[in-house]
Each structure stands twice: as structure tokens, then as C-alpha cells.
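Trainee: Dropping a structure here in C-alpha cells format, bear with me for questions.
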Ligand SMILES: [Cu+2]
């Protein structure tokens with residue numbers, strides 16, 4: 220019984236990873252085409268941020284959405300921004316006015332890390 224659960228869980232993870240990869244590949248050309256995009260999104264799923272590293276232009280508003288059944292938050296390592304705890308489907312937005320690399324993490328699950336690079 221336990222074995223079946225572990226098997227199902229790992230299969231789900233593989234499927235999720237594949238889905239993420241497809242999504243990333245699908246959105247990459249669109250992002251390259253539209254250099255003037257002023258808003259973009261980071262999805263929180265399966266205890267990770269997608270994309271892991273998001274590159275945007277100065278002035279872009281990034282919106283994080285929690286797609287997990289557990290609460291998460293978004294906290295800048297350099298204390299530039301900090302969201303409240305987000306429940307399922309809750310969002311947090313921040314507008315990046317200055318170039319730089321903004322590392323961030325979830326303070327509830329500090330192993331969840333990612334970055335926004337602003338050019
Ligand atoms: Cu979290």
C-alpha cells in the first residue's frame with residue numbers, strides 16, 4: 220500500500236516537472252518578442268517558484284500566485300519586498316523600479332528560493 224503511494228507520488232512529480240518545462244518553453248519565445256512587457260507572473264507550485272530566475276525590464280510589475288494547498292510568502296533576501304502569507308490562489312505584486320538581482324525566498328519554507336533579475 221505504502222509502495223503504491225510512493226510510486227504515485229513520484230509519478231505525479233515527474234508529470235509536474237514535465238508540465239513546468241513545457242510551460243517554460245512555451246512562454247520563452249513570447250517573452251523574447253515582447254521586450255516592452257510591463258507585467259509578468261511567477262507561479263508558486265509544489266514548493267517551488269516558476270520560473271526560478273525571472274528576467275524583466277525596469278518598471279515591470281511581477282505578480283506571484285500561490286497555486287499550492289499550503290501557505291507561502293515571498294520575501295526578498297535584501298528586504299526589498301515582503302508579501303503577507305498567501306493562501307491558495309492569493310497573489311502578491313511588486314514593481315521593480317531599479318536594475319539588479321533580487322533573490323527571494325519563502326520564509327515559511329526557506330528552502331524555496333528564486334530570483335528576479337531586473338535589467
Ligand atoms: Cu512556502
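Residue numbers (my numbering): 220 to 338.
We treat Cβ as the ideally placed atom computed from N, Cα and C, and that holds for glycine.
With which residues is residue 262 paired in a DSSP beta bridge?
Mentor: DSSP, once it has assigned bridges, lists 269 and 284 as partnering residue 262.
Trainee: Counting pairs of beta carbons, one from the segment 304-314 and one from the segment 277-289, are three or more of them closer than 8 Å?
Mentor: Contact between the segment 304-314 and the segment 277-289 is present, because at least three Cβ pairs lie under 8 Å.
Trainee: Heavy atom of ligand 1 less than 8 Å from the Cβ of residue 290, yes or no?
Mentor: Residue 290: yes, Cβ under 8 Å from ligand 1.
Trainee: Using the C-alpha atoms, what's the distance from residue 270 back to residue 331?
Mentor: If you take the alpha carbons of residue 331 and residue 270, they lie about 12 Å apart.
Trainee: According to DSSP, simplified to helix, strand and coil, what is residue 331?
Mentor: Residue 331 falls in the coil class under three-state DSSP.
Trainee: Is the closest heavy atom of ligand 1 to the C-beta of residue 300 under 8 Å?
Mentor: Outside the cutoff, so no.
Trainee: In three-state terms, what does DSSP make of residue 322?
Mentor: Strand.
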